[in-house]
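Using the numbering used here, the final residue of the sequence shown is 394, and nothing's skipped along the way.
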Amino acid sequence: MNIRKLEIFYKTAKCLNMSQVAKEMYISQPSISQCISEIESEIDTKLFDRIGKKLYLTHEGKIFYEYTRRILNIYEEGINIVQSSKSNKGKLVIGASTTIGTYIMPNIIHKFNDKEKDIEVSMIIDNKHNIEELILHNKVDIAFIEGTVNSKDIVLKDIWKDELVFISSINHKWNGKKYLNTDDLKNNKFIIREDGSGTRERFEEFLESKNIKFNSYIELGHLEAIINYVKLNMGVSCVPYMSVLQEENLNSINIYRLKDNKITRSLYSAIHKDKYISKHIECFMKFCEETDILNNKL
97 MNIRKLEIFY KTAKCLNMSQ VAKEMYISQP SISQCISEIE SEIDTKLFDR
147 IGKKLYLTHE GKIFYEYTRR ILNIYEEGIN IVQSSKSNKG KLVIGASTTI
197 GTYIMPNIIH KFNDKEKDIE VSMIIDNKHN IEELILHNKV DIAFIEGTVN
247 SKDIVLKDIW KDELVFISSI NHKWNGKKYL NTDDLKNNKF IIREDGSGTR
297 ERFEEFLESK NIKFNSYIEL GHLEAIINYV KLNMGVSCVP YMSVLQEENL
347 NSINIYRLKD NKITRSLYSA IHKDKYISKH IECFMKFCEE TDILNNKL
């Protein structure tokens, strides 16, 4: 068995369509079928069920798929590390959930670039669910997310603390309140992040712990959009405090906390358990760990 065969199996297992894989890899469909048969014969295990004209992974096929993904990730990573070692410059691809990527990473990367001029940093921003997929498929070197992950192949480290606050228009009925109580949260239209967002996950987790039901008025994929809707008094929201610091300074929005409950959460660094920790990754992780985001100590 070789890398080429593993690539053919992986692509076939991912899309379950041999003709599509044949087009992508510029080989014939019979060659794809022969390769799969050779792998099955070599490991003496049936990896696919062929029912009608459709392919389905067997239980063993699903297990082999996960290990193949890891093997290919390590192979690709090994090539990248060897090639980058030929020069003094390093390159890091950072993944970040929307909130972290928008409000934390710009300052961190800016300061890091000033300090480490030989390490080039690029970043991918997406919601937590999609960032998790990028980690699993070795598309990012390290990521920073809110909340937990589903995959046991990803290692999380509690790196920062964050606070969620409630916001409303200055014309909302909450205006003038110093603190909110749980009754204030009822019968309000909430403008919230999309499903898969770490902010939404923590917000719903908190309300569930207090047996509070809320009305979801609209779902939006960006915090800036949520803030703008709230300013127009189209609803209220619960957002990371760091996302409304500017609005607080401008008095363009009202910010509230619950009287007896501070909603905090952990922000995590996330890395694949098989990832080789290069000196560049280690350097960036250390820099992030020494950063106090809430007190802006960069």
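A virtual CB, placed ideally from N, CA and C, is assigned to each residue, including glycine. A quick note: this is a predicted structure, and the numbers were derived from the prediction, not measured.
Taking the Cβ atoms as the reference, Thr194 lies roughly 13 Å from Asp258, outside the contact range of under 8 Å. Boundaries of the alpha helix (DSSP H) around Glu120: 114-121.
For Val236, same chain residues with a beta-carbon under 7 Å away, outside a window of 5 residues either side, are Val189, Ile190, Gly191, Ile220, Leu230 in chain order. Of all alpha-carbon atoms in Cys131, Asn277, Asn98, the one lying nearest the alpha-carbon of Met114 is that of Cys131. In this structure, Ile377 places its C-beta atom within 8 Å of the C-beta atom of Ile238. DSSP lists Phe262 as the bridge partner or partners of Tyr352. Three or more Cβ pairs drawn from the stretch 276-290 and the stretch 312-327 lie within less than 8 Å of each other, which places the two stretches in contact. The alpha-carbon separation between Ser129 and Ile147 amounts to approximately 15 Å.
By alpha-carbon distance to Ser218, the top candidate from Glu156, Glu228, His225, Ile204 is Ile204. In its chain, beyond the 5 residues on either side, Asn350 have a beta carbon closer than 6 Å to the beta carbon of Ile266. Counted as a single uninterrupted DSSP element, the stretch harbouring His268 is not any alpha helix (DSSP H), since DSSP gives it neither H nor E. With the rule of 3 Cβ pairs closer than 8 Å, the stretch 329-336 counts as touching the stretch 244-262.
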